[in-house]
Structure formats: C-alpha cells, structure tokens
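So the sequence shown is numbered by my numbering: it starts at -2 and just counts up by one. The structure appears below as structure tokens.
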Amino acid sequence: MTAYRNPAPTVDIIIELLHHPHRPIVLIERHHEPLGWALPGGFVDYGESVETAARR
-2 MTAYRNPAPT VDIIIELLHH PHRPIVLIER HHEPLGWALP GGFVDYGESV ETAARR
C-alpha cells in the first residue's frame, strides 16, 4: 500500500458582491469534468494553510 503525505485537501470560497443589488456570489464555469458551475477554489499545497490557499 502506498503511503501519502497529504490526501489532497481542497479549499473553496464564497465571494459575495456586497455593493450589488441582491448581493450575488461569484461562480466559475467548469470547462472540464465535472462540468457546470462551481465556487472558486483549488488544492491546498503541502505545508500551506487553508487561509493562504484561499487567498491564492
């Protein structure tokens, strides 16, 4: 069995547009599987905090 240092954690964030009517949120359109709309996010690098990954 292979031992992994990190099981590929991810982070997603909600960006709310406060100065727009109805305060919409930002979504990204995926062009690869799984297709559709998603919250912006990505993988957390080894040794990186989730807060740093979210800012990146």
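Glycine included, each C-beta is placed from N, C-alpha and C at the ideal position. This structure is a prediction, so every number in the text was calculated from the model and none was measured.
Which residues bound the beta strand (DSSP E) around valine 8? Taking the first residue of the sequence shown as 1, we reach residue 8 at position 11. Note, valine 8: beta strand (DSSP E), 7 to 9.
Anticipated Cβ contact below 8 Å, valine 8 with alanine 35, distance rounded: Start at 1 with the first residue of the sequence shown, and residue 8 comes out as number 11. Start at 1 with the first residue of the sequence shown, and residue 35 comes out as number 38. Rounded, the Cβ-Cβ distance is 13 Å, inconsistent with contact.
Beta-carbon within less than 7 Å of glycine 33's beta-carbon, same chain only, minus the 5 sequence neighbours each way: which residues are those? Residue numbering aside, residue 33 sits at position 36 when the sequence shown is read from its first letter. The answer, listed in chain order, is Arg27.
Where threonine 52 sits in the DSSP three-state scheme: For the purposes of this step, residue 52 is taken as the residue at position 55 of the sequence shown. Note on identity: in this sequence residue 52 is arginine, with threonine being the wrong assignment. Correct three-state label for arginine 52: helix.
Here's a check: name, in chain order, each residue in its chain whose Cβ is nearer than 8 Å to the Cβ of isoleucine 10, leaving out the five neighbours to either side. As a working note, residue 10 is residue 13 in the sequence shown. For isoleucine 10, where only same-chain residues beyond five positions count, the Cβ hits under 8 Å are Leu36, Pro37, Gly38 and Ala51.
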